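Numbering follows our numbering, in which position 115 of the sequence shown is assigned residue number 115; successive positions increment by one, without gaps.
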Amino acid sequence: MKGSVGFVPTMGALHEGHINLVKQSKSSTDSCFVSIFINPRQFNNPEDLKLYPRTLDSDLKMLDKIGVDAVFIPETVEFYSETLQISLDLNPLDRVFEGKFRPGHFSGVVDVLHRFFSVLRPTDVFMGLKDLQQCLVVEKLIDHYFPTIVQHNCDTLREASGLAMSSRNTRLTEKGRLNASGIFAELKHIGHNLQGLSENIELAKAHLSKLGIETEYLSLITLPDMEILEKDVQAKRKALVFAGYLEGVRLIDNLVL
Ligand code: AMP
């Protein structure tokens with residue numbers, strides 16, 4: 001579309017997963033805007049916010065290399081100077097999985113994206129399926145407030161080991177990074193063996209525990225409602241979703257089936 005503006009919201013500490021979103025935007029929109037903003041309102045854990053990697057210089061170098069039209073790096077105080085009155089029903093997404101374990105997280109996401117969309121007026125937004133539940137939340141935001149924006153949910157980029165790329169991976173030791181690759185291996189194993197689901201989920205948790213990974217949730221769910229399936233059901237859109245802790249770092253991943 002002529003005059004189309006693609007937007008890639010990020011919290012910085014950029015990696016190939018982010019760059020892939022930029023590439024997707026560049027290949028389908030006339031301009032590409034990127035934001036770098038560690039949004040305090042979407043952190044329910046102050047320690048996570050404090051330890052979130054900040055690598056602005058190298059982020060800007062990466063964006064310069066690939067070539068984008070604008071990078072927005074707002075100041076928190078200025079960006080939040082106005083109060084927003086958003087009324088968006090996220091049910092059940094704000095009650096389950098990330099919504100349950102990170103209370104307030106999605107209202108922070110919705111708040112910041114509403115501000116970005118209002119200021120930047122993108123025609124297209126590029127989100128990563130790595131954050132599957134966030135993609136579903138943003139669909140609701142767009143549906144309700146910005147129906148002309150086209151949302152592109154892009155595949156998860158992974159290390160050769162299968163580990164989903166994430167800014168938080170930089171907080172893992174080398175051994176931790178290696179062990180973290182077990183998460184995707186277990187998701188794939190369950191995905192290939194959906195009969196005997198609950199037993200396989202328990203086995204996966206036990207394997208992950210041996211790798212030092214403490215599972216917060218690991219479930220087969222329906223899409224887009226994220227209802228837990230106790231056993232496999234045909235003819236439904238489904239995904240396996242995972243969250244857990246390794247070396248004090250919270251990691252999430254999923255496998256859309
Ligand atoms: P973040 O900086 O973590 O807020 O992520 C910014 C955007 O990049 C979100 O839409 C994420 O879902 C996406 N993203 C993060 N990691 C990956 C990845 N490994 N592959 C694809 N997209 C990703």
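All residues carry an ideal CB built from backbone N, CA and C; glycine is no exception. Quick caveat: nothing in here was measured; it's all calculated off a predicted structure.
Report task. Would you check whether the ligand AMP has a heavy atom nearer than 8 angstroms to the C-beta of residue 10? Result -> For the ligand AMP, at least one heavy atom lies less than 8 angstroms from the Cβ of residue 10.
Query raised in the report: Opposite residue 13 in the DSSP bridges: which residues?
Result: Bridge partners of residue 13: none, in fact.
Query raised in the report: Going by other Cβ atoms of all chains shown within 10 Å of its Cβ, with 16 needed for buried, is residue 251 buried or exposed?
Result: So residue 251 counts as buried.
Query - Cβ pair count under 8 angstroms reaching 3, the stretch 40-50 against the stretch 100-109 - result: Enough Cβ pairs lie closer than 8 angstroms, so yes.
Query raised in the report: For the ligand AMP, is there a heavy atom less than 8 angstroms away from the beta-carbon of residue 151?
Result: No; taking the cut-off as 8 angstroms, the Cβ of residue 151 has no heavy atom of the ligand AMP nearer than that.
Query raised in the report: Sorry if obvious, but does the Cβ on residue 239 come closer than 8 angstroms to a heavy atom of the ligand AMP?
Result: Checking every heavy atom of the ligand AMP against the Cβ of residue 239, none is found closer than 8 angstroms.
Report task. Could you tell me if the beta carbon of residue 182 falls within a distance shorter than 8 angstroms of some heavy atom in the ligand AMP? Result -> Relative to the ligand AMP, the beta carbon of residue 182 is positioned no closer than 8 angstroms to any heavy atom.
Query raised in the report: What does a CB cutoff of less than 6 angstroms around residue 256 pick up in its chain, not counting 5 residues either side in sequence?
Result: For residue 256, where only same-chain residues beyond five positions count, the Cβ hits under 6 angstroms are 239.
Query raised in the report: Does the beta carbon of residue 157 fall short of 8 angstroms from some heavy atom of the ligand AMP?
Result: Distances between the C-beta of residue 157 and the heavy atoms of the ligand AMP include at least one below 8 angstroms.
Query raised in the report: Leaving out five residues before and five after residue 247 in sequence, what residues of the same chain have Cβ atoms less than 6 angstroms from its Cβ?
Result: Cβ neighbours of residue 247 beyond the five flanking positions: 172, 176.
Query raised in the report: For residue 218, which residues of its own chain have a beta-carbon under 7 angstroms away from its beta-carbon, when the five flanking residues on both sides are left out?
Result: Once the five neighbours on either side are set aside, the close Cβ partners of residue 218 are 201, 204, 205, 242.
Report task. Select from 165, 101, 224, 207 the residue whose C-alpha is nearest the C-alpha of residue 140. Result -> Of the candidates 165, 101, 224, 207, the one whose C-alpha sits nearest the C-alpha of residue 140 is 224.
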